[in-house]
Each structure stands twice: as C-alpha cells, then as structure tokens.
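Engineer:
2 protein chains.
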Amino acid sequence: MNVKDALSALSALANEHRLKVFRLLVEAGHEGRSAGEIADALAMPASSLSFHLAHLNRAGLIAQRRESRSLIYSADFARMNALVAFLTENCCSGGVCAPLVKPQRRKSA
Amino acid sequence: MNVKDALSALSALANEHRLKVFRLLVEAGHEGRSAGEIADALAMPASSLSFHLAHLNRAGLIAQRRESRSLIYSADFARMNALVAFLTENCCSGGVCAPLVKPQRRKSA
DNA sequence: CTAATATTTCGATATTACTTGAAATATCAA
DNA sequence: TTGATATTTCAAGTAATATCGAAATATTAG
Numbered sequence: 020m021n022v023k024d025a026l027s028a029l030s031a032l033a034n035e036h037r038l039k040v041f042r043l044l045v046e047a048g049h050e051g052r053s054a055g056e057i058a059d060a061l062a063m064p065a066s067s068l069s070f071h072l073a074h075l076n077r078a079g080l081i082a083q084r085r086e087s088r089s090l091i092y093s094a095d096f097a098r099m100n101a102l103v104a105f106l107t108e109n110c111c112s113g114g115v116c117a118p119l120v121k122p123q124r125r126k127s128a
Numbered sequence: 020m021n022v023k024d025a026l027s028a029l030s031a032l033a034n035e036h037r038l039k040v041f042r043l044l045v046e047a048g049h050e051g052r053s054a055g056e057i058a059d060a061l062a063m064p065a066s067s068l069s070f071h072l073a074h075l076n077r078a079g080l081i082a083q084r085r086e087s088r089s090l091i092y093s094a095d096f097a098r099m100n101a102l103v104a105f106l107t108e109n110c111c112s113g114g115v116c117a118p119l120v121k122p123q124r125r126k127s128a
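So the protein lines, in turn, are chains A and B. The first sequence begins at 20 in the working numbering and counts up by one. The second sequence begins at 20 in the working numbering and counts up by one.
Printed below as a string of structure tokens:
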C-alpha cells in the first residue's frame, strides 16, 4: 500500500458514520449486509448512507455485489490489513510501536 | 482507546501534510524536531504548519516541549500503538486481518 | 529596555465534505 | 408493460477544514 492509498483509507475511516458502517460490515463478515439493512441498523437516510458507502468503496475498504434487487456490501479485510501494515511499517519505529497482537475479541463469525 | 479518540487520530493522519509531518517525527524519534526544522524540511509556511501541528497535538499523536526559543515536537508512539490496536481489535475479524508482524524496515534510529 | 529569533494566533478567503429530498436507474413479479 | 422495491445520483444548501500573510506572543541576547 502506497501513501496515496493509505490517505484514502484513513480519510474513509475518519468519519463517525463510515467507521460505524465499516465496523458493522466487519461483524457481518464475508456474507455482508445490504444497503437497506445498514440504513435500518444505523438509522440513516438512504441517500446519506449511499454517499458514505461510495466513499468506503472508493477507498477499497468495502466491496459491492448485487443480489437481486439488493446491493450487498462487505468489508475488504485484505485492504484493512494492508492499512494496518502501512501504519505499522511507516508510522512506528524501532519496535516501540509494534502491534501487541492482543488476544482477539471474537464475535460470532 | 475509545471510538472518539480513534476518530480524532484517524482524521489527524488523514491529511497529506500531517501524515508527512508525523512520519518525519517518527524518524526523528524521541529527540523530535523543532517547528522551524519541520517547516524547512517540508517547505511549508510556518502558519500552515502550526495549524497541522496543533491538529496532531490535539489528537494526542505528538507531544510538544519548549527548548529555549524553539518548540520541539515528537511522535507519541504509545498513542500510535493504541490506534493500531484499536483498528486491529475493532476493524478486523476472526484473525483474517490480524497484523502480519512483518520484519520492520528500520531507518537510522 | 530594545532588537532579533521562533512560533502561534487571528482573520479573511478558498476548498472540500456532508446532508437529504427528489428524481433517476435497476431488478423483479404479475 | 406496469407497479413495487432497492438503491443511487443529482442538486443545492450547510458545515467543516485548509491556507497563509500579518499581527501578536514568548524567549534570549546585548
């Protein structure tokens, strides 16, 4: 991941609504959630949500697929991993800021 | 680190100039760099830099100390570590997106 | 105290981001 | 094809961020 991509991903996550959307999609796993389900869960107008989904999608953090009338969004874990790797490699130093690899708090998936 | 702090740190890093400043300070290590040195290195007007330094400082990603007439800024590695931990714990899932702990590309420090 | 240096704060402007109803597009079912 | 459902795109407004010269503040030296 280069600086441009990292900036794009960072600014995609640097918003309350988009961070919520992304976290919801992380919990949803590979299966994902439709735009309608996300809008219901987060109680936001469809057009507002669409704006934020487009932003996350442009940054490569989520994928979109159509299933009949619904558009299903899902988190792109590889991309998120690449962002974490970028931050660890470029914004940490001498091991001082190396990831702790804490035991993961697992949900259902 | 809570969601509010994470958003603050993400938006601080989600800017070309501030990411450059932060990376420069990571390389500078504990010693840090004065505002003037940073302005020279990145060729930006003092008042613009000051705006960005204040942003990073508010987010807790950098510390400020005075040394005679100069204000010295330095990266807060603990805070950066906390951000990476937040992203790993909250925005990854089932180990799919766990940090790889690649060998660090070391600079001088 | 006065001058010089280092940096921030102010203020005005410019740019970018967010919000949301309404209109447009896509899919499916009858 | 018509109607219903799901979602996006458009447009026009509001809000938040960024820019940078000039003025203000802090520190040191003479």
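Quick reminder that beta carbons are idealized off the backbone N, C-alpha and C, glycines included.
(1) So residue 66(B) and residue 91(B) are in contact, right, with Cβ under 8 Å, and what is the actual spacing, rounded?
(2) According to DSSP, what are the bridge partners of residue 106(A)?
(3) Give me, in chain order, the residues of the same chain whose beta-carbon lies closer than 7 Å to that of residue 75(B); leave out the 5 immediate sequence neighbours on both sides.
(4) Are the C-beta of residue 33(B) and some C-beta of chain A separated by less than 7 Å?
(5) Is residue 72(B) close to chain A? Criterion is C-beta to C-beta, closer than 7 Å.
(6) With a threshold of 7 Å between beta-carbons, can residue 45(A) be considered close to chain B, or not?
(7) Among 97(A), 112(A), 106(A), which has the Cα closest to the Cα of residue 112(B)?
(8) Which first and last residues belong to the alpha helix (DSSP H) in which residue 69(A) is found?
(9) Please return the same chain residues whose Cβ sits closer than 6 Å to the Cβ of residue 47(B), not counting the five positions on each side in sequence.
(10) Thinking residue 22(A) and residue 106(B) are a contact (beta carbons under 8 Å), I'd like their distance in whole angstroms, please.
Structural biologist: According to the structure shown:
(1) With a Cβ gap of about 19 Å, residue 66(B) and residue 91(B) do not count as contacting.
(2) According to DSSP, residue 106(A) bridges with nothing at all.
(3) 31, 37, 40, 41, 81
(4) yes
(5) no
(6) yes
(7) 97(A)
(8) 65-77
(9) none
(10) Residue 22(A) to residue 106(B), Cβ: 18 Å. No contact.
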